[in-house]
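Protein chains in written order, with the working numbering: chain A, 115 to 414; chain B, 644 to 865. Here a beta-carbon is modelled for each residue, glycine too, at the ideal position from N, C-alpha and C. Just so it is clear, the structure is predicted and the values come from calculations on it, not from any experiment. Please read the structure below before turning to the comments.
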Amino acid sequence: MSRILGKLRYFVGDAADEWRHSPGVNFLATATLASALFVAGLLALVLSNVHGRIAQVRSEAPVDVFLEDGISEEVRADLGRRLAAVPGVEDVRLVGKEEALRRFRDSFAGLADLVAELQTNPLPASFEVELARGADGAGVVSDIRRELARQAGVEEIRYDRAWLDRVEALLSLARVGGLWLALLVFVAVAFVMASVLRLAVYARRDEIEIMLLVGATPAFVRGPFLVAGVVQGLVASVLSVGLVEGVRRVALGWGNVHPAALLGLVAGSPLDGAVTLLLIGTGLLVGVVGAYLAVRGVRA
Amino acid sequence: MIRVEGLTKSYPEGSTALRDIDLEVDRGEFVFVTGPSGAGKTTLLRLLLRQEVPTQGRIFMDGQDLATLPPRRVPALRRSIGVVFQDFKLIRRKHALGNVAYVLNIQGVSRAEQRRRAYLALKGVGLHHRLGVLPAALSAGEQQRVAIARAVVGEPALLLADEPTGNLDPDLAVEIMRLFREINARGTTVLVATHDRDLVRRMQRRTVVLEHGRLVDPGGTP
């Protein structure tokens, strides 16, 4: 155990030494990775905020359950209770026929003459169902439909935010496409890092030859380079996460002065913990893979 | 300790560095390998260090055939050999103590022990006052003595030296040879490749002579 710790301490010390002796190469490798991670982090932030905004719009939009004319008070009360019991429903409010007509008059004042000529009120009573904040609108509506299926007294259930489903489908597509794109970008970045780190290996080729000649195993020679890769990955990922958060805060400040929809997409919630960990994990992985590709040619 | 049988080393472009060499070196011997430039001295040492593999023939070191040694066992072989090169081959960014201690580091010796033994090795070559100096700030003679300290610090059974005095003035060359004699006196087998015949004559040790890749004199007790 103490031998392993001793080796690890040597690898870390030698990696730090390597940073001191070749700051340019190490900076270039770190900056390349940090740039890719920053773009990925910013994209994840925008996607997450768009998703959050859609969820918010969806939860703010009520579901209207229109009732047939002439249903009994008892049936209506039962429907109200059933709706209120559906998970994700925050509030259920009855809009009577008179209230519906009054709203129509208020909304379409230009049609006042037409309304005045009506012999009877054609508008149905309805329940306005308010969804809980953050609730999955499409899911709740689906539950309501299931709950009220074959229930007498219900004429129609309307949810006017179906377009959000289409936007969300597009977002899901963007997310999957983005993941594949990110994967390709990070493979490319690993190769770019490997090329940059190969410069460091090349600069130390004489030293590596000496180490091998006096009996170092290739793994022992590669160790400090791999540790340097881990450090580069860690520094790049922490830097990129910090930059994404910095950009978000700047956008937040600007958004207060110059409200703009695009700024709002960046200035929403910060990156969540899972995405942050994913970025850091990706940074570490790409750092190690890049370093391994650079030193895999070191052989006795 | 070393047994070479019918050793030939050729290169793809057609040149042959060694032809049909037979040689034996006993444990504890001090042997010079001499001959003009291009005689094959360095190639012989490279083969012993397993930097190259024979085209034909075999090299046994303590009964182990180097030609068939798997690559994963090469580092262990090299750890059992101390090497001194003409161009010193010191790690530029490590100071004298760090260069010497590196050999112990790869053997897994504790850090405190590395420093203690590296200090003693440098003291043995008279450089204990230059521990923290980088190679670039050392003279050629000092660099060669650091290289010798590095070669012996791991207490190897065999010490190989390739033209160790090639870059040094005659007085320093004699001093380096005195160090080799001391190391040999402690039981280490020493094999020195040199084209300096005066030095060889003065040392009065077994001398193997190579010419154009052929062994012309297997040497004997002078």
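Practice prompt. In the DSSP assignment, find the alpha helix (DSSP H) that holds B/Gln699 and state where it starts and stops.
Written response: The residue labelled residue 699 of chain B in the question sits at position 56 within the second sequence. Here B/Gln699 belongs to no alpha helix (DSSP H); instead the beta strand (DSSP E) covers 699 to 704.
Worksheet item: Smallest Cα separation from B/Leu801: which of B/Val851, B/Ile826, B/His838?
Response: By 1-based counting over the second sequence, the position of residue 801 of chain B is 158. Checking every option, the nearest Cα to that of B/Leu801 belongs to B/Ile826.
Discussion item. If you measure between the beta carbons of A/Phe241 and A/Val290, is that distance less than 9 Å?
Written reply: Numbered from 1 along the first sequence, position 127 holds the residue referred to as residue 241 of chain A. Numbered from 1 along the first sequence, position 176 holds the residue referred to as residue 290 of chain A. Cβ distance not < 9 Å, so A/Phe241 and A/Val290 don't count as in contact.
Practice prompt. Spell out whether any CB of chain A is found under 9 Å from the CB atom of B/Lys732.
Written response: As a first step, residue 732 of chain B is located in the second sequence; it is residue number 89 there, counting from the start. Yes, B/Lys732 counts as interfacial toward chain A.
Worksheet item: What residues in the stretch 667 to 699 of chain B have a beta carbon less than 9 Å from any beta carbon of chain A?
Response: Leu692, Arg693, Gln694
Discussion item. So, with DSSP's three-state summary, where would you put B/Gln847?
Written reply: Position 204 of the second sequence, counted from the first residue, corresponds to residue 847 of chain B. Of the three classes helix, strand and coil, the one that applies to B/Gln847 here is coil, per DSSP.
Worksheet entry | Residue-level contact to chain B via CB, A/Leu326, 9 Å cutoff | For the purposes of this step, residue 326 of chain A is taken as the residue at position 212 of the first sequence. Yes, A/Leu326 lies at the interface with chain B (some Cβ there is under 9 Å from its Cβ).
Worksheet item: Just by C-beta distance, which residues in the stretch 118 to 141 of chain A are closer than 7 Å to chain B?
Response: Gly120, Tyr124, Asp131, His135
Worksheet item: Just by C-beta distance, which residues in the stretch 752 to 763 of chain B are closer than 8 Å to chain A?
Response: Listed in sequence order: Ser753, Arg754.
Fill in: B/Arg736: contacting residues in chain A (beta-carbon distance under 8 Å)
Numbered from 1 along the second sequence, position 93 holds the residue referred to as residue 736 of chain B. Neighbours of B/Arg736 on chain A, chain order: Asp131, His135, Glu321.
Worksheet item: Roughly how many angstroms separate the alpha carbons of A/Ala296 and A/Ala302, rounded to a whole number?
Response: Numbered from its first residue, the first sequence carries residue 296 of chain A at position 182. Numbered from its first residue, the first sequence carries residue 302 of chain A at position 188. The straight-line gap from Cα to Cα measures roughly 10 Å.
Worksheet entry | Touching by the beta-carbon criterion (3+ pairs, under 8 Å), the stretch 645 to 659 of chain B and the stretch 691 to 704 of chain B | The answer is yes - the stretch 691 to 704 of chain B touches the stretch 645 to 659 of chain B, with three or more Cβ pairs under 8 Å.
Fill in: CB contact flag (A/Leu147, A/Met325, <9 Å)
Counting from one through the first sequence, the residue named residue 147 of chain A turns up at place 33. Counting from one through the first sequence, the residue named residue 325 of chain A turns up at place 211. A/Met325 sits away from A/Leu147, with the two beta carbons spaced by 9 Å or more.
Discussion item. I need the straight-line Cα distance from A/Leu262 to A/Leu193, nearest angstrom please.
Written reply: Your numbering for residue 262 of chain A matches position 148 in the first sequence. Your numbering for residue 193 of chain A matches position 79 in the first sequence. Counting only the Cα atoms, A/Leu193 lies some 8 Å from A/Leu262.
Practice prompt. Give a yes or no on whether 9 Å exceeds the smallest Cβ distance from A/Pro332 to chain D.
Written response: The chain labelled as chain D is not found among the protein chains of the depicted structure, namely A and B.
Worksheet item: With 9 Å set as the bound, which would you pick, yes or no: does the beta-carbon of A/Ser116 sit closer than that to a beta-carbon of chain B?
Response: Position 2 of the first sequence, counting from 1, holds the residue named residue 116 of chain A. Output row for A/Ser116: interface = yes.
Worksheet entry | For B/Gln707, the residue or residues it bridges with in DSSP | Locating residue 707 of chain B in the second sequence gives position 64, counting from the first residue. Its beta-bridge partners are B/Met704.
Worksheet item: Within 9 Å (strictly less), CB to CB, does B/Ala792 reach chain A?
Response: Within the second sequence, numbered from 1, the residue matching residue 792 of chain B stands at position 149. No, B/Ala792 does not count as interfacial toward chain A.
Worksheet item: What does A/Arg413 reach in chain B if we use C-beta pairs closer than 8 Å?
Response: Locating residue 413 of chain A in the first sequence gives position 299, counting from the first residue. Chain B residues near A/Arg413: Pro714.
Worksheet item: For B/Arg829, which three-state DSSP category applies?
Response: Along the second sequence, read from residue 1 onward, the residue named residue 829 of chain B stands at position 186. Looking at B/Arg829 - three-state DSSP - the assignment turns out to be coil, as it is neither helix nor strand.
Worksheet entry | For A/Leu208, the residue or residues it bridges with in DSSP | For the purposes of this step, residue 208 of chain A is taken as residue 94 along the first sequence, with counting starting at 1. Its beta-bridge partners are A/Phe241.
Fill in: Closest residue to A/Ser286 among A/Ala158, A/Asn370, A/Val361, A/Leu379 (Cα-Cα distance)
Counting from one through the first sequence, the residue named residue 286 of chain A turns up at place 172. If we check each option's Cα against that of A/Ser286, A/Ala158 comes out closest.
Discussion item. According to DSSP, simplified to helix, strand and coil, what is B/Ala804?
Written reply: Translated into the one-based positions of the second sequence, residue 804 of chain B becomes position 161. Note: B/Ala804 maps to strand in three-state DSSP.
Item to complete: May I ask which residues mark the beginning and end of the alpha helix (DSSP H) holding A/Gly382?
Response: Taking the first residue of the first sequence as 1, we reach residue 382 of chain A at position 268. Neither: A/Gly382 is in no alpha helix (DSSP H) and is coded neither H nor E.
Worksheet item: Count the other CB atoms within 10 Å of the CB of A/Phe125; is the residue buried (16 or more) or exposed (fewer)?
Response: For the purposes of this step, residue 125 of chain A is taken as the residue at position 11 of the first sequence. Under this definition A/Phe125 is a buried residue.
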